[in-house]
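Report on the following structure.
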Amino acid sequence: MKISLIIPVYNAEKTLPDTLESIRAQRFRDFEVVFAEDAGTDGSLALLERFCADSGLPCKLLRAERNGGAAAARNRALDAAEGEYLAFADADDLLDPALLERAAGAAQTADGPADIVGWDWTLGRAAQNGRYMRQADYASATEALCNLTGGTMRWNLWMFLVRRELVEAQHLRFIPGADLGEDMQFMLRAFLHAGRVVQLHEALYRYNAVNSASISRQFSPERRAQIETNLAEAGRHFAGSDFLRAHPDALTDLKLFLKRPLLIGGGKKDFETWYGWFPEANARARQRGALPLHTYLLQKMAARRNWAGVVLYNLLVYKFVYGILYR
């Protein structure tokens with residue numbers, strides 16, 4: 163079995179049918195699907211049972227007795243996976259028909275099997291009007307880590323194929339109950355120990371970006387605590403590493419990246435939360451690094467508590483410029 167595709171499912175009956183069809187449409191066929199159904203209360207389980215019965219694909223359907231969250235669900239799937247490589251998807255997104263084919267092909271390099279293959283993605287489920295999202299360039303695991311901690315690259319699980327041998331050798335798992343930032347700590351640790359990595363600049367995944375929760379709710383104290391738990395776990399593994407010795411400010415820069423959404427689309431309360439969360443990182447906001455100029459200016463204003471400037475930035479950049487470009 164070449165690939166295990168891992169999908170946690172909880173109350174996703176509205177979006178799940180399209181997701182399942184995108185799995186069925188994969189041109190690459192040497193893969194199994196591992197569903198971790200998390201004790202939902204809608205019709206998702208019946209949809210999964212029907213798919214496993216008639217898709218013609220090897221399937222594992224893992225059922226939880228009680229809802230435990232995405233981290234615990236993914237752990238159950240990791241324990242059951244048998245593929246040489248692991249891929250991930252969410253139950254409200256779509257996979258391009260070529261995703262697994264292109265990823266599996268790229269994993270076989272002239273120097274041997276890659277530990278990680280990454281790709282680009284589309285913001286929005288519809289291919290015809292989705293926004294192409296390009297990952298920052300990297301040719302090595304170290305460059306990828308610099309991008310991840312520096313705020314120029316995303317760590318979402320569904321953008322990577324990861325060699326299972328690496329995952330098991332490093333005991334990579336998720337922290338049950340810490341469902342925010344779980345992909346961050348997993349992929350940071352994966353890249354920390356990865357050898358060969360490959361990058362595909364192709365949008366092979368369509369991400370459903372619908373989220374009606376306010377910034378304040380997305381970053382409530384409870385949710386911030388989950389992120390802090392995952393950050394601490396990543397930091398524990400980075401301590402004493404060659405990477406951190408060479409890049410001593412990397413985890414501080416990562417904190418800036420983690421709290422940046424608080425400056426976008428919210429209000430003064432969210433801005434003050436930004437200022438008080440990971441305050442040790444605020445001084446680094448005056449360092450541009452590889453950040454786009456507009457992001458650097460936003461963080462610099464926030465570090466000075468120039469909230470009027472932050473509001474103006476949101477008005478000009480996100481409502482005016484992005485509103486015109488991506489309407």
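Here this note's numbering is used: the first residue of the sequence shown is 163, the next is one more, and so on. We treat Cβ as the ideally placed atom computed from N, Cα and C, and that holds for glycine. Keep in mind the model is a prediction, meaning the values are calculated, not measured.
Helix, strand or coil at residue i according to DSSP, with G and I counted as helix
{"i": "Glu-175", "result": "coil"}
{"i": "Phe-440", "result": "coil"}
{"i": "Arg-385", "result": "helix"}
{"i": "Glu-364", "result": "strand"}
{"i": "Ser-403", "result": "coil"}
{"i": "Ala-249", "result": "strand"}
{"i": "Ile-377", "result": "helix"}
{"i": "Leu-496", "result": "Any question about residue 496 goes unanswered here, given that the chain covers just 163 to 489."}
{"i": "Leu-487", "result": "With a pLDDT of 48 at Leu-487, under the threshold of 50, the modelled position of this residue cannot be trusted; read the value that follows with caution. In the structure shown, Leu-487 sits in a helix (DSSP, three-state: H, G or I)."}
{"i": "Val-473", "result": "helix"}
{"i": "Asp-134", "result": "Here the chain covers residues 163 to 489 and nothing more, so residue 134 does not appear."}
{"i": "Glu-395", "result": "helix"}
{"i": "Arg-228", "result": "coil"}
{"i": "Pro-410", "result": "coil"}
{"i": "Ala-243", "result": "coil"}
{"i": "Ala-201", "result": "coil"}
{"i": "Arg-466", "result": "coil"}
{"i": "Phe-433", "result": "helix"}
{"i": "Ala-187", "result": "coil"}
{"i": "Ala-234", "result": "helix"}
Identified DSSP bridge partners for residue i
{"i": "Cys-221", "result": "Val-195"}
{"i": "Asn-167", "result": "For clarity, residue 167 is Leu in the given sequence; the question names Asn instead. In DSSP, Leu-167 forms a bridge with Val-195, Ala-249."}
{"i": "Tyr-458", "result": "DSSP, once it has assigned bridges, lists no residue as partnering Tyr-458."}
{"i": "Val-543", "result": "The requested residue 543 is not part of the displayed model; the chain covers only 163 to 489."}
{"i": "Leu-256", "result": "Arg-368"}
Where residue i falls, given that 16 or more other Cβ within 10 Å makes a residue buried
{"i": "Arg-325", "result": "buried"}
{"i": "Gly-343", "result": "buried"}
{"i": "Thr-311", "result": "buried"}
{"i": "Val-171", "result": "buried"}
{"i": "Leu-477", "result": "exposed"}
{"i": "Lys-417", "result": "buried"}
{"i": "Glu-384", "result": "exposed"}
{"i": "Lys-431", "result": "exposed"}
{"i": "Arg-368", "result": "buried"}
{"i": "Ala-253", "result": "buried"}
{"i": "Gln-347", "result": "buried"}
{"i": "Lys-421", "result": "buried"}
{"i": "Thr-284", "result": "buried"}
{"i": "Thr-391", "result": "buried"}
{"i": "Leu-307", "result": "buried"}
{"i": "Asn-444", "result": "buried"}
{"i": "Leu-167", "result": "buried"}
{"i": "His-378", "result": "Checking the sequence, you will find Ser at residue 378 rather than His. Under this definition Ser-378 is an exposed residue."}
{"i": "Tyr-475", "result": "buried"}
Nearest neighbour of residue i, chosen from the options [CA to CA]
{"i": "Met-163", "options": "Tyr-369, Thr-391, Glu-246, Ala-272", "result": "Glu-246"}
{"i": "Met-315", "options": "Phe-336, Gln-332, Asp-282", "result": "Asp-282"}
{"i": "Gln-188", "options": "Lys-222, Leu-366, Ala-276", "result": "Leu-366"}
{"i": "Asp-273", "options": "Arg-448, Val-359, Asn-173, Arg-422", "result": "Val-359"}
{"i": "Ala-201", "options": "Arg-225, Gly-397, Ala-243, Asp-411", "result": "Arg-225"}
{"i": "Tyr-458", "options": "Leu-425, Glu-434, Ala-331, Ala-470", "result": "Leu-425"}
{"i": "Leu-362", "options": "Glu-244, Ala-276, Gly-451", "result": "Ala-276"}
{"i": "Met-321", "options": "Arg-450, Leu-460, Leu-262", "result": "Leu-262"}
{"i": "Ala-251", "options": "His-355, Ala-232, Asp-241, Ile-278", "result": "Ala-232"}
{"i": "Pro-454", "options": "Arg-238, Gly-429, Asn-309", "result": "Asn-309"}
{"i": "Trp-469", "options": "Asn-370, Gly-429, His-456", "result": "Gly-429"}
heavy atom of the ligand FAD below 7 Å from residue i C-beta
{"i": "Ala-253", "result": "Ligands are entirely absent from the displayed structure, and the ligand FAD is therefore not among its contents."}
Residue-level contact to chain B via CB, residue i, 8 Å cutoff
{"i": "Trp-436", "result": "Chain labels in this structure do not include chain B; a single protein chain is all it has."}
- Taking the runs of the alpha helix (DSSP H) that are 4 residues or longer, which of them lie wholly in the stretch 263 to 347? 303 to 312, 326 to 331
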